[in-house]
Amino acid sequence: MGLVDSAIVRLLPAVPRPVVRRISERYIAGEQLDDALRVVRELNDEGKLATLDVLGEEITNPEEARAIATAYREAIDAFEREQLDSNISVKPTALGLKLGYDLFRENLEGVVRHAAARGNFVRIDMEDSSTTDDTLRLYRDLRAAGHENLGVVLQARLKRTIADVRELAELRPNVRLCKGIYVEPPEIAYRDFDSVRASFVQALEELLEAGSYVGIATHDEWLTEQGERLVTSRGLGPQEYEFQMLLGVRASLGDQLVRAGHRLRIYTPFGRQWYAYSMRRLQENPKIAGYIAADTVGRLLPGRNGSS
Ligand SMILES: Cc1cc2nc3c(=O)[nH]c(=O)nc-3n(C[C@H](O)[C@H](O)[C@H](O)COP(=O)(O)OP(=O)(O)OC[C@H]3O[C@@H](n4cnc5c(N)ncnc54)[C@H](O)[C@@H]3O)c2cc1C
Numbered sequence: 001m002g003l004v005d006s007a008i009v010r011l012l013p014a015v016p017r018p019v020v021r022r023i024s025e026r027y028i029a030g031e032q033l034d035d036a037l038r039v040v041r042e043l044n045d046e047g048k049l050a051t052l053d054v055l056g057e058e059i060t061n062p063e064e065a066r067a068i069a070t071a072y073r074e075a076i077d078a079f080e081r082e083q084l085d086s087n088i089s090v091k092p093t094a095l096g097l098k099l100g101y102d103l104f105r106e107n108l109e110g111v112v113r114h115a116a117a118r119g120n121f122v123r124i125d126m127e128d129s130s131t132t133d134d135t136l137r138l139y140r141d142l143r144a145a146g147h148e149n150l151g152v153v154l155q156a157r158l159k160r161t162i163a164d165v166r167e168l169a170e171l172r173p174n175v176r177l178c179k180g181i182y183v184e185p186p187e188i189a190y191r192d193f194d195s196v197r198a199s200f201v202q203a204l205e206e207l208l209e210a211g212s213y214v215g216i217a218t219h220d221e222w223l224t225e226q227g228e229r230l231v232t233s234r235g236l237g238p239q240e241y242e243f244q245m246l247l248g249v250r251a252s253l254g255d256q257l258v259r260a261g262h263r264l265r266i267y268t269p270f271g272r273q274w275y276a277y278s279m280r281r282l283q284e285n286p287k288i289a290g291y292i293a294a295d296t297v298g299r300l301l302p303g304r305n306g307s308s
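Just so you know, we're using the working numbering here: the sequence shown kicks off at 1 and counts up by one.
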């Protein structure tokens, strides 16, 4: 990321919400379930799978967390009704983790049961490191309770991840492997690009070795190549792993993977609480300065972008 871009990233919180909204539209499927279903259908028509995220991270009371759980159940019903190929991704804090482990468990288990009854699958997203222990604990608890239709996420950025892979190996966990978006202290996380990549490749090798189904979640072309190399060298068929990408990011790389015969799942967020998610995506966008400049110019010059 260039100097101008990193300066813009630091200033992002000062960018007015309507501007953030406009330039982050590509990352969000819309505010309503119907918007998201339309996007999932388009993805399915392009030969891609989806995983739906109901945006809602600023939960302040149990009712909000229960409402998010209900929204997920409604999404699962809609997939069945409309024959869409999508599962769901849930954030622990959106289901109430910060309000208590028991509330998180009650909400997640309800959603997992609902999904199981309809042949669907639940991915527990991984948030910042303050939530890692509780998230993995609930994953283990639910597996011990007999639930098989759920998976977790491991973040290559965290130094603990290889140990977590080894501890989980006996469960042959279904894992989404990603770099990890949250900025963590250097004592617990790799800060340099190459160490994160090396940790990703090692975790992927060990997960595949353990017989795990892995969602290889990255837009880093070098890592997708490593992923292709590792699954091919093990002779895995396309049903035994998948690639995953975020809506609105490097779609052409995704198309390339689909053409090569891999399964590709697109993380598809929707909902009214779009701000926190959008900020994270914009902070990762290498062309952020250009987008903000274009939007600003668009508003200053009458008639451009229809936004004067
Ligand atoms: C399906 C999926 C689910 C995820 N779930 C989680 C999760 O549960 N927990 C978690 O901590 N993180 C999650 N992430 C985020 C992930 O950890 C990374 O922060 C993110 O994917 C960027 O890392 P990268 O591997 O794409 O590599 P990078 O090196 O960051 O990106 C590679 C290239 O992709 C392009 N790119 C990346 N991001 C953007 C963007 N926003 N806009 C435009 N171009 C971009 C750029 O060209 C960049 O050079 C998920 C990512 C994916 C794909």
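Glycine is no exception: its CB is placed at the ideal position from the N, C-alpha and C atoms.
Can you check whether the CB of residue j is closer than 8 angstroms to the CB of residue i?
{"i": "Gly211", "j": "Arg263", "result": "no"}
{"i": "Ile28", "j": "Tyr291", "result": "no"}
{"i": "Pro326", "j": "Thr60", "result": "Residue coverage of the chain in this structure runs from 1 to 308, which leaves residue 326 outside it and unanswerable."}
{"i": "Leu55", "j": "Met279", "result": "no"}
{"i": "Arg160", "j": "Ile124", "result": "no"}
{"i": "Ile216", "j": "Gln239", "result": "no"}
{"i": "Val196", "j": "Arg157", "result": "yes"}
{"i": "Cys178", "j": "Thr218", "result": "yes"}
{"i": "Val214", "j": "Val175", "result": "yes"}
{"i": "Glu312", "j": "Gly271", "result": "In the structure displayed, the chain extends from 1 to 308; residue 312 sits before or after that span and is not available."}
{"i": "Leu168", "j": "Phe121", "result": "no"}
{"i": "His114", "j": "Ile76", "result": "yes"}
{"i": "Asp53", "j": "Pro269", "result": "yes"}
{"i": "Gly289", "j": "Ile88", "result": "In the sequence as presented, Gly is not what sits at residue 289; that position holds Ala. Going by C-beta atoms, Ala289 is not nearer than 8 angstroms to Ile88."}
{"i": "Arg17", "j": "Tyr275", "result": "yes"}
{"i": "Val15", "j": "Tyr72", "result": "no"}
Out of the options, which one is the CA nearest neighbour of residue i?
{"i": "Ile85", "options": "Thr60, Asp192, Asp164 and Ala50", "result": "The residue asked about is misnamed: residue 85 is Asp in this sequence, not Ile. Minimum Cα distance to Asp85 is reached at Ala50."}
{"i": "Tyr101", "options": "Val122, Tyr139 and Leu33", "result": "Tyr139"}
{"i": "Tyr182", "options": "Glu31, Met126 and Tyr275", "result": "Met126"}
{"i": "Glu82", "options": "Lys48, Glu42 and Leu37", "result": "Leu37"}
{"i": "Lys48", "options": "Glu109, Arg272 and Tyr267", "result": "Tyr267"}
{"i": "Pro185", "options": "Leu236, Leu168, Ser129 and Leu154", "result": "Ser129"}
{"i": "Lys98", "options": "Ile88, Val122 and Asp134", "result": "Asp134"}
{"i": "Leu230", "options": "Glu63, Ala203 and Leu168", "result": "Ala203"}
{"i": "Glu284", "options": "Asp220, Gly235 and Ala260", "result": "Asp220"}
{"i": "Pro62", "options": "Tyr72, Asp77, Ala94 and Trp274", "result": "Ala94"}
{"i": "Tyr190", "options": "Arg113, Ile162, Glu205 and Arg17", "result": "Ile162"}
{"i": "Glu205", "options": "Arg250, Asp194, Ala78 and Glu228", "result": "Glu228"}
{"i": "Gly248", "options": "Tyr277, Asn87 and Arg234", "result": "Tyr277"}
{"i": "Arg26", "options": "Val39, Arg259, Leu257 and Ala145", "result": "Val39"}
{"i": "Asp194", "options": "Ser89, Val112 and Trp222", "result": "Trp222"}
{"i": "Ala260", "options": "Thr232, Val112 and Ala145", "result": "Thr232"}
Which residues in the same chain have their Cβ closer than 6 angstroms to the Cβ of residue i, if we skip the five residues on either side of it in sequence?
{"i": "Glu80", "result": "Arg118"}
{"i": "Leu309", "result": "There is no way to answer for residue 309, as the model of the chain reaches only from 1 to 308."}
{"i": "Leu246", "result": "Tyr267"}
{"i": "Glu242", "result": "Gly215, Arg263 and Arg265"}
CB-CB under 8 angstroms to residue i, same chain, minus the five flanking residues each way: which ones, in chain order?
{"i": "Asp141", "result": "Arg105"}
{"i": "Glu74", "result": "Leu33"}
{"i": "Leu253", "result": "His219, Glu221, Thr224 and Met245"}
Using the DSSP secondary-structure output, state which residues sit across from residue i in a beta bridge.
{"i": "Ala217", "result": "Gln244"}
{"i": "Pro269", "result": "Asp53"}
{"i": "Asn87", "result": "Thr51"}
{"i": "Leu264", "result": "Phe243"}
{"i": "Ala189", "result": "Leu158"}
Excluding the 5 residues preceding and the 5 following residue i in the sequence, name in chain order all residues of the same chain whose CB lies nearer than 7 angstroms to its CB.
{"i": "Arg66", "result": "Asn107"}
{"i": "Leu207", "result": "Val165, Val175, Leu177 and Val214"}
{"i": "Gly180", "result": "Gln155, Ala156, Arg157 and Leu158"}
{"i": "Gly96", "result": "Ile59, Pro62, Ala65, Leu103, Phe104 and Asn107"}
{"i": "Arg250", "result": "His219"}
{"i": "Asp255", "result": "none"}
{"i": "Arg143", "result": "Leu171"}
*Along the chain, which unbroken stretches of the alpha helix (DSSP H) at least 4 residues long are found entirely within the stretch 118-183?*
132-144 and 161-168
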